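Working notes, structure below.
Rendered as structure tokens:
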């Protein structure tokens, strides 16, 4: 096909021309390029698509029932079973589709390449060419293309699997197929999840490595292109993401701790869905840190920050919690120092310049944490180890540190804190009743208090 300008070939208004594309059975009609909405500077040349063949006596031969076949009575024009006519019609429509593949301004609307309702199927005696309804001559209705809107106020693609999958991998560093299903699409069949992940892998946005536990599972992580794209997602673009590892070796090196933190998040997520609470896959932010000087010791870094809205007897309640996941890879003393770091951050209060040392300055200053949280978040310690006895001993060590350290004791007068075992939070076949809202949390504020839900600490 070639393209010629109207100056080389003036538009015609004849009722029978070789450029007709739509009409009644047996009648070939045409509208000028300007009336069709095509750009006056370009129009297809030599694209004849006759819907009926003239006879020597000047009459028009209409397609019979054998030509219409199964399309009879549907109110659509059907091309006769003639090889040349079918090829010409297909050529016409393919040329028109080629026009849409150019910068597409047609019929006064912006079109994207390929988004057009006219379809040509190259099989069978009859071509499934959708044309105008019988008895009318008009313009094909294009499908206007709208760019997906992604704003903080209305994240349109937020319900799409790919959108949440990239955001989740951006936050959690890595996840298996089953974990991505639980995060993003718990009601979707696993085969559909695998197909969508293969699509993201084919697009170069994610990669995977095989791990032995679960058996022969794929562990997915973002590629460099995937990280660049995920960083633009509004829900996670303004968050501090975990330190990324660009290859499978780095992902596997940090896998045990990453998996423990992610399993904790999935436990809260499954519990919230069952309770019909407001808590989604992006309401868990891993590795949140606050530093108040250049010294490394002057920093508090939580494994995750949880934002949770629950339905309570007195109405809706908002919860925030700093989550620490302990795998017993170091001694109890180092674990208890995290309580001290939180206590220092809790009492940190800047003094205005020029008013240092005065009682008025101390009373007027606001704690630093209020720049980030209206109330200091709860402290939740989740312990994960094969030995249940060892984990219970570490909870006792946390209670001792909370009682002996004056800073920690002062903080715990206002801040709720508790500890639980990960195996008591994740539901399994052996323990289907396990969940975060169950009474499995040991209070660090009051050692004599019975175990309770994390919301009742």
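In my numbering, the protein residues as written are 44 to 500.
Cβ atoms here follow ideal geometry from the backbone N, Cα and C, with glycine treated the same way.
No experiment lies behind these values; they were computed from the predicted model shown.
- When C-alpha distances from residue 385 are compared across 347, 393, 454 and 271, the shortest belongs to 454.
- For residue 252, the enclosing beta strand (DSSP E) stretches over residues 249-254.
- DSSP places residue 334 within a strand segment (E or B) once states are collapsed to three.
- For the options 430, 238, 495 and 478, the alpha carbon positioned closest to that of residue 316 is the one of 478.
- At a cut-off of 3 residues, the continuous stretches assigned as beta strand (DSSP E) that sit fully inside the region 392-469 are 421-426 and 460-464.
- Between residue 259 and residue 269, the alpha-carbon positions lie close to 24 Å from each other.
- For the set 279, 329, 458 and 241, the Cα lying nearest the Cα of residue 301 is the one of 329.
- Boundaries of the beta strand (DSSP E) harbouring residue 360: 358-369, taken from the DSSP string.
- Per DSSP, the beta bridge partners of residue 342 are 334.
- Rounded to the nearest whole angstrom, the CA to CA distance from residue 436 to residue 244 is 44 Å.
- Following the DSSP letters along the chain, one finds residue 225 inside the alpha helix (DSSP H) bounded by residues 220-227.
- In the structure shown, residue 476 adopts coil according to DSSP, grouped into three states.
- Nearest C-alpha to residue 314 among 481, 495, 422 and 488: 481.
- DSSP places residue 375 within a helical segment (H, G or I) once states are collapsed to three.
- Per DSSP, the beta bridge partners of residue 329 are 347.
- A residue is called buried once 16 or more other Cβ atoms fall within 10 Å of its Cβ, and residue 475, having fewer, is exposed.
- In the DSSP annotation of this structure, the continuous segment of the alpha helix (DSSP H) that includes residue 206 starts and ends at 204-215.
- Put simply, the region 290-301 does not touch the region 408-415. Fewer than three CB pairs are less than 8 Å apart.
- For residue 262, the enclosing beta strand (DSSP E) covers residues 260-265.
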